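Per the working numbering, the very first residue in the sequence shown carries number 9; after that it's consecutive.
Virtual Cβ for every residue (Gly too), placed ideally from N, Cα, C.
Predicted model, so just to flag it, every value in this text is computed and none were measured.
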Amino acid sequence: MKSVLIAPRKYIQGRGVLAELGSYLKMLGKKPLVLWDPCVKGIVGETVLQSIKQAGLEVVDVDFQGEATPAERARVTQIARDNGADISVGVGGGKVLDVAKAVAVDAGLKMVTCPTIASNDSPTSAASVWYDAEHNFTGFDCWPFNPDIVMVDTQVVADGPVRAFVAGMGDALATWIEAEAAHKTRAQNIAGGTSTMAAMAIARLCYETLLDHGIEAMRAVQENVVTPAVEKVVEANVLLSGLGFESGGLATAHMIANLLSNVPECKGLMHGEKVGFGIVTQLCLDDEFDTDEMYAVLDFQIAVGLPVTFADLNLEGVGRDRLVPLGDICAGEGSLCHNHPFKITSEAVVDAMIAADALGRHRKELTGIGD
Ligand SMILES: [Zn+2]
């Protein structure tokens, strides 16, 4: 048995750091390909292009076509090759970054991710998630290396949607809860080994940072301001969660989130929101998690507006018949649910989802927040 930890080579976070992107890219190459969507380009385009120009680099400017599909991956890779780019830079949300990472691997370029929202923990990871043209989740790839640079401008994040920031907290809140489960079974992580002490400590710090500073950080982002709480939670959402999930391990929370992606009513939900309900399900499945701590996690989720009930998922009144197929996949071969130190059955997962909804409704009544 071996333990493995993987990480990006450099992580840069702070207010206004995107203005320094060019000087960092210069250390990696001469001709960056920048992939972004027109909306993101409208917000940070001038800053990024100016900084690349000042560094004396020539840019290959590419508009993202809207979905992380294999076709988009092939299209951008061809542009990179045709133009002789030597760095692939993704600027924007998770889908843009995932394609930029794949292009770096396919065309043999340096890899740089610049998340403009802190909505999930993929920017630091060596993984890309794929969808089809109809936005259905189709699977993921793990690359042989992580980004050379991850750059997060906290002012850009604070100017962005609060909902995305909160979704990032949902993704990050699951990290320690899942890593702890996977650690008990010595499950193999995405890095290709068991978790190190470092990964577990990072995952725990991520969890504590959110519970301590998450609500204050959300309030600050509602006002588009950068406070120490925002800096801490951005680091938790992007860096700590990224290292923690990849070198720790995943379990039921992410399995539920992945399956909800293909439920029609949940199509409009962000990844971290689906993970939010997955966390509650996992806590209801696990007989070792402390009850008071479980209530604290639920109350935090309710306070920041993460889904904890079927109604929050647009699935109010959902019947057991529609949950059974999800339970069957959870109990099937290759499921992340098997990273728990107890046997998983379809019935147990379905019951946990129903119990999660009931618990979520109960805590909402007690806290007086919500529906
Ligand atoms: Zn995730």
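Please return the same chain residues whose Cβ sits closer than 8 Å to the Cβ of TYR139, not counting the five positions on each side in sequence.
Cβ neighbours of TYR139 beyond the five flanking positions: GLU75, ALA76, THR77, LYS103, PHE145 and THR146.
Quick check: the segment 226 to 243 against the segment 266 to 275, are there 3 or more CB pairs under 8 Å?
Output reads no: the segment 266 to 275 does not touch the segment 226 to 243.
Go ahead and pull the three-state DSSP assignment for ALA135.
If DSSP states are grouped into helix, strand and coil, ALA135 belongs with the strands.
Contact check, ALA108 vs GLY116 under 8 Å by CB: the rounded distance?
Not quite, the Cβ-Cβ distance comes to about 14 Å (not below 8 Å), so this is no contact.
Taking DSSP as the reference, what is the three-state secondary structure of MET159?
Reduced to three states, the DSSP call for MET159 is strand.
Would the beta-carbon of ASN91 be found less than 7 Å away from any heavy atom of ligand 1?
No, the beta carbon of ASN91 sits no closer than 7 Å to any heavy atom of ligand 1.
Quick one: what's got a C-beta closer than 7 Å to TRP184's C-beta in the same chain, skipping five residues either side?
Correct list, in chain order: ALA211, ARG212, CYS214, TYR215 and GLY252.
Taking the alpha carbon of ALA237 as the point to measure from, which residue in ALA166, ASP179, GLY178 and LYS192 has its own alpha carbon closest?
The option with the nearest alpha carbon to ALA237 is ALA166.
Spatial neighbours of ASP149 within its chain, please: C-beta separation below 6 Å, excluding the five flanking residues on both sides.
The residues are SER136.
Determine whether the beta carbon atoms of ASP161 and VAL42 lie at a separation below 8 Å.
No.
DSSP three-state call for LYS38: helix, strand or coil?
In this structure, LYS38 counts as coil in the three-state DSSP scheme.
Quick check: what's the CA-CA separation for GLY284 versus ALA189?
About 17 Å.
Residues bridged to THR202 by DSSP?
For THR202, which the question treats as bridged, DSSP gives the partners SER11.
Apart from the five residues just before and just after GLY257, which ones in its own chain have a Cβ nearer than 7 Å to its Cβ?
Closer than 7 Å at the Cβ level, and outside the excluded window around GLY257, lie GLU186, ALA187, ALA190, HIS191, ALA195, ASN197, SER203 and ASN347.
Going by CA-CA distance only, name the one from PRO123, ARG371 and LEU13 that's closest to LEU29.
Measuring from the Cα of LEU29, the nearest candidate turns out to be PRO123.
Hey, is PHE390 close to ligand 1, as in C-beta under 7 Å from one of its heavy atoms?
Since the first residue of the chain shown is 9 and the last is 379, residue 390 is not available in this structure.
Any chance you could list the beta strand (DSSP E) runs of at least 3 consecutive residues sitting entirely within the segment 62 to 86, in chain order?
Listed in chain order, the complete beta strand (DSSP E) runs (minimum 3 residues) inside the segment 62 to 86 are 68 to 71.
Report yes if the C-beta of ASN128 is less than 7 Å from at least one heavy atom of ligand 1; otherwise report no.
For ligand 1, at least one heavy atom lies less than 7 Å from the Cβ of ASN128.
Counting only beta-carbon separations shorter than 8 Å, does LYS118 have a partner in chain C?
In the structure shown, chain C does not exist; there is a single protein chain.
Using 8 Å as the threshold, is the segment 309 to 329 in touch with the segment 238 to 245, meaning 3 or more CB pairs across them?
Because the criterion of three Cβ pairs below 8 Å is not met, the segment 309 to 329 and the segment 238 to 245 do not touch.
According to DSSP, simplified to helix, strand and coil, what is PHE148?
In the structure shown, PHE148 sits in a strand (DSSP, three-state: E or B).
What would DSSP say about VAL271, mapped onto helix, strand or coil?
Note: VAL271 maps to coil in three-state DSSP.
For LEU374, count neighbouring Cβ atoms within 10 angstroms of its own Cβ and tell me buried if that reaches 16, exposed if not.
LEU374 is exposed by the Cβ-count criterion.
Am I right that ALA134 and ILE287 are in contact with their C-beta atoms under 8 Å? What's the rounded C-beta distance?
The Cβ separation is near 24 Å, so there is no contact.
According to the neighbour-count rule (16 or more other Cβ atoms, all chains shown, within 10 Å of its Cβ), is LYS282 buried or exposed?
Answer is buried; the Cβ neighbour count reaches 16.
When DSSP labels each residue in this structure, what does LEU314 get in the three-state scheme?
Reduced to three states, the DSSP call for LEU314 is coil.
Less than 7 Å separating the Cβ of VAL283 from some heavy atom of ligand 1?
Checking every heavy atom of ligand 1 against the Cβ of VAL283, one is found closer than 7 Å.
Should PRO131 be labelled buried (16 or more other beta-carbon atoms within 10 Å of its own) or exposed?
Label assigned to PRO131: buried.
Buried or exposed: LYS372, going by 16 or more other Cβ atoms within 10 Å of its Cβ?
So LYS372 counts as buried.
For the beta strand (DSSP E) containing ILE20, name the first residue and the last one.
Start and end: 19 to 22.
Are ASN128 and GLY280 close, meaning C-beta to C-beta below 8 Å?
Cβ atoms of ASN128 and GLY280: closer than 8 Å.
Output the distance between the C-alpha atoms of CYS274 and PHE318, rounded to the nearest integer angstrom.
If I take the Cα positions, the gap works out to 10 Å.
Which of the three DSSP states is assigned to PRO123 in this structure?
Strand, per DSSP.
For LEU43, which beta-bridge partners are listed by DSSP?
Bridge partners of LEU43: VAL70 and GLY98.
Is it the case that the CB of ASP179 approaches a heavy atom of ligand 1 more closely than 7 Å?
Under cutoff, so the answer is yes.
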